[in-house]
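Using this note's numbering, the letters of the sequence shown map in sequence onto residues 3 to 309.
Have a look at the structure below before the remarks.
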Amino acid sequence: MKKALKKLSPWNNSEDMPTAVYVIKKLLAFLMIYWIAAIMGESMIIGLLYVMGYDPLHGVMPTGKTGVLLPYYGFMIFLLVTIVYYIFIEKRDLKSLGYSQRVTDYFLGGAIAVFLLGIIISLCCITNAMSWVGVKEDIDIIYFLGLWIGFMIQSAAEETMCRGFLLQALRKRTATPIAIFVSTTAFALPHFPTLWEGEIKYAVIGIINLYLISIIFSLLVLFRLNLWIACGLHSIWNFILYGVMGLSLSGSEINSDGIIKLETNAENIINGGIYGIESSIITTVILGIVSILFMKHWRDRRCRHGI
């Protein structure tokens, strides 16, 4: 019993075990990284807020742009804890985590985000689910630069944990579809509480869309053998949706002062209601088509090259 528990412990890098035990071990390691980072991050933010003159334990929190930016920069702890675990416990390097020298793939991922959101938002406007209002006149460049950096940190943390550590680890011992499904579920779970706060129809569509976009993230990483492309797609998607368009991001209750002003008309499954276009049926169709095309390409490549 003691020997079995030692094998399951995420504090060692042993991989000499049955596949089922190996999968459980990696999931335990993922959960351990998540909770250690969450506790450290929360503690550091609370301490920082006290230094800044706030009293977070009694509800006295920063508002405005500081309140928007702070949580995203807190993801730096998740990123650092994952990297420290990977290097010092797993005893691997960053290249095997998925980061290649092709940093330009970040911009390729960003271009894909612009393309996808351009289609989705255009269709929402064409169907009158959303309306164009105008462009903001006084733009706070420093704030929007800070927001972009914040989203870069957040996306790098989530992609490193889910597509870097967990996906790559599971692919060693399980079929790729299983590895993608498990890592996708790990990515989607933290978003569930916000989704279920609204109507069930938006929650269901939102969960489907979370899985679809996560599948796209995963396949892009596997195609390019590079986490940078997923980081680019993920961060630019968030930045455009929240920072540029001023729309709801993952059901966030904090309003964004976007550069472009769009107005959501009567709430429906086309515009995603309170949760935003991430719970839109249009997003489901577009992401579904892209996912099918990517999966077909993955299958064809495996048939040709056996990889």
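The beta-carbon is built from N, C-alpha and C at its ideal position, and this holds for glycine as well.
Separation of residue j from residue i, as counted between CA atoms
i, j, result
"residue 277", "residue 197", "7 Å"
"residue 246", "residue 19", "49 Å"
"residue 51", "residue 57", "7 Å"
"residue 212", "residue 191", "9 Å"
"residue 131", "residue 281", "13 Å"
"residue 203", "residue 292", "23 Å"
"residue 304", "residue 225", "11 Å"
"residue 296", "residue 123", "22 Å"
"residue 120", "residue 127", "11 Å"
"residue 39", "residue 199", "25 Å"
"residue 36", "residue 103", "27 Å"
Nearest neighbour of residue i, chosen from the options [CA to CA]
i, options, result
"residue 72", "81, 46, 94", "46"
"residue 34", "44, 55, 12", "12"
"residue 138", "218, 263, 146", "263"
"residue 61", "304, 67, 115, 48", "48"
"residue 154", "210, 220, 80, 205", "80"
"residue 193", "102, 218, 209, 31", "209"
"residue 25", "239, 299, 185", "185"
"residue 144", "157, 116, 261", "261"
"residue 112", "236, 74, 218", "236"
"residue 32", "7, 91, 44", "91"
Burial state of residue i (16 or more Cβ within 10 Å)
i, result
"residue 93", "exposed"
"residue 285", "buried"
"residue 216", "buried"
"residue 170", "buried"
"residue 273", "buried"
"residue 107", "buried"
"residue 240", "buried"
"residue 163", "buried"
Local conformation of residue i per DSSP, three classes
i, result
"residue 19", "coil"
"residue 134", "strand"
"residue 302", "helix"
Residue i at chain C interface by Cβ criterion, 8 Å
i, result
"residue 153", "Checking the listed chains, one finds no chain C in this structure; it contains a single protein chain."
Secondary structure, beta strand (DSSP E): runs of 3+ residues fully inside the segment 231 to 293: 262 to 266, all fully within the segment 231 to 293.
Segments of 4+ residues assigned as alpha helix (DSSP H) that fall wholly inside the segment 173 to 210: The segment 173 to 210 contains these whole alpha helix (DSSP H) runs: 178 to 190, 194 to 197.
Minimum length 3: unbroken beta strand (DSSP E) runs contained in the segment 63 to 148: Taken in chain order, the whole beta strand (DSSP E) runs of length 3 or more contained in the segment 63 to 148 are 132 to 137.
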